[in-house]
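Single-structure report; data block below.
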Amino acid sequence: MVRVTVPVPGRSYDVTIGAGLLPTLGDHVPSLPGATTAFVVSDRTVADLHHRTIAGAIEGRGLGTVLLLVPEGEEAKSLQAYGSLLRQLAGREAHRDDVIFALGGGAVGDLAGFVASTYMRGIPFIQIPTTLTSQVDAAIGGKTAVNLPEGKNLVGTFSQPIAVVADVDVLATVNERDFRSGLAEVAKYALALDEDLLATLERDPGPIVRRTATVLEDVIARCVAAKAGIVAEDERDASTRLVLNYGHTLGHALERLDAFGGRTHGEAVALGMVFAAALAEARGLASGLRARTERLLASLGLVPDGELPPVDEVLRCLRLDKKYRDGVRWILLEDVGRPIVVDDVSDTEVAAVLLEMGASA
Ligand code: GLY
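This is the structure we're talking about:
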């Protein structure tokens, strides 16, 4: 078992990573004086697998449990699901000292965290991530959100959980494609932030691909440690936290243009990292980065598949995603472990790299 602290000033918390943690969940979360009920937010599939175990562990701590089911996947992140959870909490007279457990992947965590951060102006919540993507990334750092028809994550908060418990045993039931999608986030940490992790993966990717528990524990802990330092420094995404979006600028556009490949988040991010490496090379910032990125991704079972959308569609989508006043920000690497934020990339440069990667004009 490994414990990593996320040292956000005034709201520091621990992420516990290891095998066999759910049955002993009560030992890995802070005491909750005043709480009478733990509200467990989950979807049907995950609840069927794990709710009984965690309810037993929570009740062992003297709390009642109530399971609140939400739709599967991204459907959970709607204003309707958000409103429904708030109404159910109010209907059951949840009070400020009660606690929400988010049991599931990134979508459940984002929704449950948003509910917890707004119900009665904020009640405590604990993340119990059950996918690799959420264990290495989504459950850490306090970004909560739901989607609007106009775009993803347009309504949300920065609100830190009081604990995160990542039990690597639960990853045994994650399907192969979703697990590989999580490996794309692992590759992101390795390429952008942790050269030692990159060297480990390059030496022998077999144990992580085979989901060996001790290796999962070590790799997840390294990703969490990398993220923890960044979140503590820049909780609100103003500067250094942006580097966690490596591969995500193009990745998000590809996800929105889903019809062209039906890619998972991780598959889109993997392609986004290949694109970012090619762009860095085209700008003369890095050399050999694209080939190294492609080798790593292939060794993790992430070979880009499906057509790239036409260039003008991608450019339109990138423009729509304007989160920042000054336009699209790209995270590029000067070398592995050396990310920089770049905001002067022209459409012509983006188009040239996309065409070179096989997109149609
Ligand atoms: N997933 C990127 C972040 O938490 O900032």
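Quick note on numbering: the sequence shown equals residues 6 to 366 in the numbering used here.
Think of the CB as a built atom: it goes at the ideal place given N, C-alpha and C, for glycine as much as any other residue.
As the structure is a computational prediction, the values presented were derived from the model and not from experiment.
- Sixteen is the threshold: since fewer than 16 other Cβ atoms of the shown chains lie within 10 Å of the Cβ of THR219, the residue is exposed.
- For ARG343, the pairing in a beta bridge is given by DSSP as ASP340.
- The shortest C-alpha to C-alpha distance from ALA281 to any of GLU260, GLY271, THR298 is the one to THR298.
- ASP242 is not bridged by DSSP to any residue.
- LEU153 counts as exposed, since fewer than 16 other beta carbons sit within 10 angstroms of its beta carbon.
- Going by DSSP, GLY23 is part of no alpha helix (DSSP H) but of the beta strand (DSSP E) stretching over 18–23.
- SER47 sits in a strand when the DSSP states are folded into three classes.
- When the Cα atoms are used, LEU301 and ALA62 turn out to be separated by approximately 39 Å.
- Annotation: the continuous alpha helix (DSSP H) that includes ALA121 extends over 111–123.
- The Cβ atoms of VAL11 and ALA117 do not sit closer than 8 Å to each other.
- The beta carbon of MET125 is closer than 6 Å to those of ARG101 in its chain, skipping five residues each way along the sequence.
- Relative to the non-hydrogen atoms of the ligand GLY, the Cβ of ASN152 never comes closer than 7 Å to any of them.
- Boundaries of the beta strand (DSSP E) around THR162: 156–163.
- Inclusion of LEU249 in the 7 Å shell around the ligand GLY follows from its C-beta lying nearer than that to a non-hydrogen atom of the ligand.
- The Cβ atoms of VAL173 and LEU305 do not sit closer than 8 Å to each other.
- Between the stretch 129–138 and the stretch 185–205, the count of Cβ pairs shorter than 8 Å is three or higher; the stretches touch.
- Secondary structure in the stretch 59–116: the alpha helix (DSSP H) runs of 4 residues or longer, each lying completely within the stretch, are 84–96 in chain order.
- Closest in C-alpha terms to LEU320, from the list VAL151, ASP352, VAL347, comes ASP352.
- Relative to THR162, the option among ASP115, GLY256, LEU108, THR149 whose CA is nearest is THR149.
- With a contact defined as Cβ atoms closer than 8 Å, LEU284 and GLU354 qualify at about 7 Å.
- Judged by DSSP in its simplified three-state form, THR205 adopts helix.
- Distances taken from the Cβ of ARG246 to the heavy atoms of the ligand GLY include one shorter than 7 Å.
- One Cα belongs to VAL13, the other to VAL20, and the distance between them is close to 13 Å.
- Beta-bridge partners assigned by DSSP to LYS148: PHE163.
- In the same chain as ASN158, and ignoring 5 residues on each side of it, the C-beta atoms closer than 6 Å to its own belong to ALA150, in chain order.
- Exclusion of the five residues before and after VAL104 leaves LEU37, ALA40, ALA43, PRO129 as the residues of its chain whose Cβ lies within less than 6 Å of its Cβ.
- In the structure shown, ALA218 adopts helical secondary structure according to DSSP, grouped into three states.
- Annotation: the continuous beta strand (DSSP E) that includes THR10 extends over 7–11.
- In the DSSP assignment, ILE131 is bridged to PHE106, ALA168.
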